[in-house]
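Heads up, the thing below is written out as structure tokens.
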Amino acid sequence: MKIATIPGARPFLDGVAERWLAGPGVTGDEAGLILVPGRRAARALMEAFLRRLDGRAALLPRIVSIGDVDEDDLAIAGDATLSLPPAVDPVRRMAVLAMLVLKADGAFIAAPTIDQAWPLARALAELMDDAERSGVDLRERLPQAAEPRFAAHWHQTLTFLEIVTHAWPNWLDEQGMMNPVARQVALHRAQAQAWRDHPPSVPLWAVGFADGMASVCAVLQAAASAPQGQVVLPGVDLSLSDAVWDSLPDSHPQAGLRRLLHDLEVDRAALDVWETGSGRGVPAGRPALVSRAMLPAMGLSDWGRERAPLDLTGLTRLDATDQQQEAAAIAMILRDGIREAGREVALVTPDRGLARRVATELLRYGVVADDSAGEALALTPAAVFLRLLAEAVSSDLAPVALLAVLKHPLAALGLTPGDCRASARRLERLVLRGPAPPPGIEGLRAALRDDEAIDAASADRPDLPEAVDSFLDRLAAALRPCPGRRTAPLPDLLIGLVQAAEALATTDTQPGAERLWLGAEGHALSRQIAALIAHTDLLPPQSFDQLPAFLLSAMAGQMVFGQRVLQGRDGEALHPRVSILGVLEARLQFADLVVLGGLNEGIWPPATDPGPWLSRPMRTRTGLPSPERLIGVAAHDFSTAMLSAPQVVLSSPARRDGAPAVPARWLVRIDALLGGRSQRLPIHPALSWHARLDQPDGPARPVSAPEPRPPVARRPRRLSVTEIETWLRDPYAIYARHILKLRALPALEEAADRSDIGVIIHAGLDGWLKSDRRDEAALAASLHHALDARHLRPALEAWWRPRLSRIAQWVTEREATRARPVRIETEAKGALTMELPTGAFRLSARADRIELDAEGVATIIDYKTGTLPAQKDVETGWSFQLVLEAAMLREGAFAQLDPAETAQLLYWRLTGDRDRGEELSVPKDPAMLSDLVEQAIVRLRGRVAQFDRPETPYRSHPHPSQAPRYTDYALLARVPEWSVAREEGGE
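By the numbering used here, the letter at position 904 of the sequence shown is numbered 896, and the numbering carries on one by one without gaps.
Written out as structure tokens, the structure reads:
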């Protein structure tokens, strides 16, 4: 057999192309055949041939992939495909296995839902695929997998696994089908036998295989035995001693090659070594460094035999603090690497999150990277749109879920996408902000507020929002195909979802189907959804609430390969010298600079998991490969990537997702190897570049507090008594609200906070005081009626209803101890106009409750659901809302009341909590009240006169000790920035 290897420091595919083209040449009509492990390797080898030919004409060999499971039919199998049953459709297999999981009574503590059964079905399929690749008969081997001493639940698991030993094989026999991997194995064996019986007369090479199942080894043996056959392996380490080589663990990077040579019955010493002349300048000492760093435990004594410094040329380390800093620094490294013409750079990482971050950071420099690792199907725009729509429908159009789908770029509802988003923003302002409206379309209609003050149509220009009623009509029509929250067969749920999505995606000029299924991503999604509709009819009916999670489970692990135009960069070409590669794509590739990103335990290498069905000892007894083989594959990818470029940067962030991260075990090994020689990897300067990237010129300059001085004519001439307190504590808030006309939007799905419940309490007490009955039951009924009128969601109603009952209890108990007034005015409106040299100033108020006794003396009561003011603040004039109302009452500012003196000011804190309520009388000394009322108007006149001067600024928080508890405008005024400087003694 003719078997060779190309050293790891040499570009493998370029070497293969060089040797092939240097061969005896083409004879006849066929140029020969080259087998490669996968389609990506096939594309890369074709590119290598084109590079070597450099424009010259040549008849190239046929390049065929035999390693991809999802090939429809292997192009080399010939007539063997005709004698084999067809492979079962992957989605159909998943649906049948999920059905069997759901029918497994007693196998689970709680019956799994469909979104839980689907991953379990995937795990069953993976178990069968592993067995078929390894040549293991599960029906024969599984019953003996658990020893008697094993825990009882493992024996129960084996009973459950009769799905794969009996139920599933019987179903395949009934349907006349095969598992996809079983069919692939059969095709491999058939092809190997055909080549042994009739060796091809043309060159037959198999290149790039570093591991493989038994059937692949049979194909390689047949290729190597052909008259013009050749097998070329990548980077077999010939420096390892025979003792180390023979005892390599599964986690070693050469373990797969050792198994392959063992199965081929070839001794490592018999390999030919192809020293191709197409190297890219990988330092000569790098292969020895990688080999020694990756030695298994029994070979570590080699580290101490020779203490000479190791060659670290071209190797650097990047130790970022977190993932975002890592991505920004890597983008700078890649951008710096292409300054010289012709240099190719690449990021290699299994972390798709890091890949997306780096691609985004590269856009900063005008570089659109070729990210050939693909994109998760579940994260493509159309799939996200479907999942968001399912979430919105299953949540009964809850505000956050509804806005997420309406603001998606694919949403249009028969309008232009811009007009649809503008209409969604208007719906948000008038319906969805604040406490969540009642469920469904009718709930949205009931919650519609006709409030032009918050319409803010100018924010939508140049788009034109539609009237909310009409927009809701469009939305209702689009969602009509969805079955809502009722239970239905999965195909019906999916069909309804697709119809609603297409209606939702329709624009004024283009059908929704054209937009939804556009491009490679749309095509892949349409095939997946069509397969789910076709094959999930055998599953039990499901609630629509299960659909969002089911879609995510059904799309998990599926990748889409196709270049989608990046948002905001239409028509911009990919940079030809910048690549982002997954570890599979990086195999057999070479560049001038490579960054290995995400080198953390659990990422690269991945976490080892034997799966949910068998423990490690059980897999060993069954004859299945150990989970550590994945570590060996990852280690091989790391080792080859270390030799894939003259310059290599090893990147490992200290934290991931806010938690400390552990560096990859290979980095720890390299550090240990170098530490014994008093060496360490040089630190790449990219982090220092990043530290200076967004820094301003010169030293940091603290921002000063804003001091706007608008023209006097623009300053407000009318404020309420509650705004006067804001004016004292935070003048900037008055400036922002009344001069800039800015309003803070309420939060989405806002909980019924104290302001909302305050409206309910005020309305309930007002109705009760105006009624003939003054008992507790009447007050509770009035409060509950006010609660019903707010149309809150059921959960919020259930939260507040018992609290309102406790408030009614406290109020009636308190009323029973007080003298009955002659007259009570509730929600009394008042206005006081003060004439000043610069013009009139109007003070307005709405008193919660004013009581008059027989002598015409008043008591003013204010209802509070939040914190009560401090006595000291009332007496010193910082909290004098009630004092101002008393002053207005003295001046006759309340139209329905004659001028009157006030004897008492009361705050009632009504929470309905354990304490139910609390009363506070201000000021503490009643004798002070008359003076406070007298001074209130004088102080207010002085305040108005002060701000009538053009030089008076509207400062933010001018008195830190009296700053407001909360303001909507703190970020607008940049309070967190300049307040720190003030606390530190700055100006």
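Where a beta carbon is used, it is the ideal one built from N, C-alpha and C, also for glycine.
Whole-Å CB distance - residue i paired with residue j, under 8 Å assumed
| i | j | result |
| --- | --- | --- |
| L196 | G221 | 5 Å |
| D689 | P638 | About 36 Å; that fails the 8 Å criterion. |
| I(-5) | V258 | 5 Å |
| L485 | P475 | 6 Å |
| D6 | R43 | 7 Å |
| L860 | Y899 | 5 Å |
| P597 | R657 | 7 Å |
| W802 | R908 | 4 Å |
| V360 | L566 | 5 Å |
Whole-angstrom distance between residue j and residue i, CA atom to CA atom
| i | j | result |
| --- | --- | --- |
| E593 | H244 | 16 Å |
| P698 | R721 | 15 Å |
| R466 | D500 | 13 Å |
| W12 | M(-7) | 18 Å |
| I853 | L771 | 17 Å |
| A692 | W970 | 13 Å |
| L464 | E494 | 17 Å |
| E789 | L394 | 22 Å |
| R379 | F536 | 12 Å |
| I572 | R507 | 28 Å |
| E926 | V875 | 9 Å |
| R54 | V173 | 24 Å |
| G728 | V392 | One detail in the question is off: residue 728 reads as Ala in this sequence, not Gly. Between A728 and V392, the C-alpha separation is close to 28 Å. |
| G560 | L355 | Confidence in G560 is poor, its pLDDT being 35 and thus under 50, which makes the residue's placement too unreliable to answer from. |
| L635 | G227 | 10 Å |
| L402 | L932 | 55 Å |
| M86 | G358 | 43 Å |
| D60 | A653 | Residue confidence for D60 is low, a pLDDT of 49 falling below 50, so the modelled location carries little weight and cannot support an answer. |
| T600 | M120 | 18 Å |
| A144 | V156 | 20 Å |
| A505 | L407 | 15 Å |
| L134 | W792 | 58 Å |
| I752 | R806 | 20 Å |
| A390 | L424 | 8 Å |
| V337 | P645 | 21 Å |
| T(-3) | D165 | 43 Å |
| G978 | R941 | Below a pLDDT of 50, predicted positions are generally treated as unreliable, and G978, at 45, falls in that range; the measurement from the model is reported next regardless. Using only the alpha carbons, I get a separation of about 27 Å. |
| D1039 | L622 | It is not possible to answer for residue 1039, since the shown part of the chain is limited to -7 through 979. |
| A375 | L517 | 7 Å |
Per-residue DSSP class, three states only, for residue i
| i | result |
| --- | --- |
| K916 | coil |
| Y727 | helix |
| S239 | coil |
| D985 | In the structure displayed, the chain extends from -7 to 979; residue 985 sits before or after that span and is not available. |
| W163 | helix |
| E741 | coil |
| I58 | coil |
| T804 | helix |
| T825 | strand |
| W509 | coil |
| A837 | strand |
| L784 | coil |
| G831 | strand |
| R561 | The pLDDT assigned to R561 is 44, lower than 50, so where the model puts this residue is not dependable; a value taken from the coordinates is nonetheless given after this. Reduced to three states, the DSSP call for R561 is coil. |
Query raised in the report: Using 8 Å as the threshold, is the stretch 78 to 93 in touch with the stretch 102 to 119, meaning 3 or more CB pairs across them?
Result: yes
Report task. Entirely within the stretch 305 to 374 and at least 4 residues each: give me those alpha helix (DSSP H) ranges in chain order. Result -> The qualifying runs are 315 to 329 and 344 to 355.
Report task. Indicate whether the contact test is met: 3 or more Cβ pairs, each with one atom in the stretch 487 to 502 and one in the stretch 400 to 414, closer than 8 Å. Result -> yes
Query raised in the report: On the three-pair Cβ rule with 8 Å, is the stretch 947 to 960 touching the stretch 714 to 733?
Result: Taking a cut-off of 8 Å for Cβ pairs, the stretch 947 to 960 and the stretch 714 to 733 touch, as three or more such pairs fall below it.
Report task. Report yes or no: do the stretch 667 to 680 and the stretch 300 to 308 share at least 3 C-beta pairs separated by less than 8 Å? Result -> By the Cβ test, the stretch 667 to 680 is in contact with the stretch 300 to 308, since at least three Cβ pairs between them sit closer than 8 Å.
Requested in this report: Decide yes or no for the touch test of the stretch 360 to 379 against the stretch 601 to 621: beta carbon pairs closer than 8 Å, at least 3 of them.
Outcome: no
Query raised in the report: With a cut-off of 8 Å, do at least 3 Cβ pairs link the stretch 621 to 629 to the stretch 276 to 283?
Result: no
Query raised in the report: In chain order, which alpha helix (DSSP H) runs of at least 4 residues are fully inside the stretch 178 to 223?
Result: Runs found: 206 to 217.
Report task. Count the CB pairs spanning the stretch 200 to 215 and the stretch 179 to 188 that are closer than 8 Å, and state whether there are at least three. Result -> Yes, the stretch 200 to 215 touches the stretch 179 to 188.
Query raised in the report: Do three or more CB pairs link the stretch 879 to 896 to the stretch 934 to 941 at distances below 8 Å?
Result: no
Requested in this report: Output the residue ranges of the beta strand (DSSP E) runs that lie fully inside the stretch 614 to 663 and measure 3 residues or longer, sorted by chain position.
Outcome: 639 to 643
Report task. State whether the stretch 910 to 921 contacts the stretch 810 to 829, with contact taken as three or more CB pairs (one from each stretch) at a distance under 8 Å. Result -> These segments do not touch.
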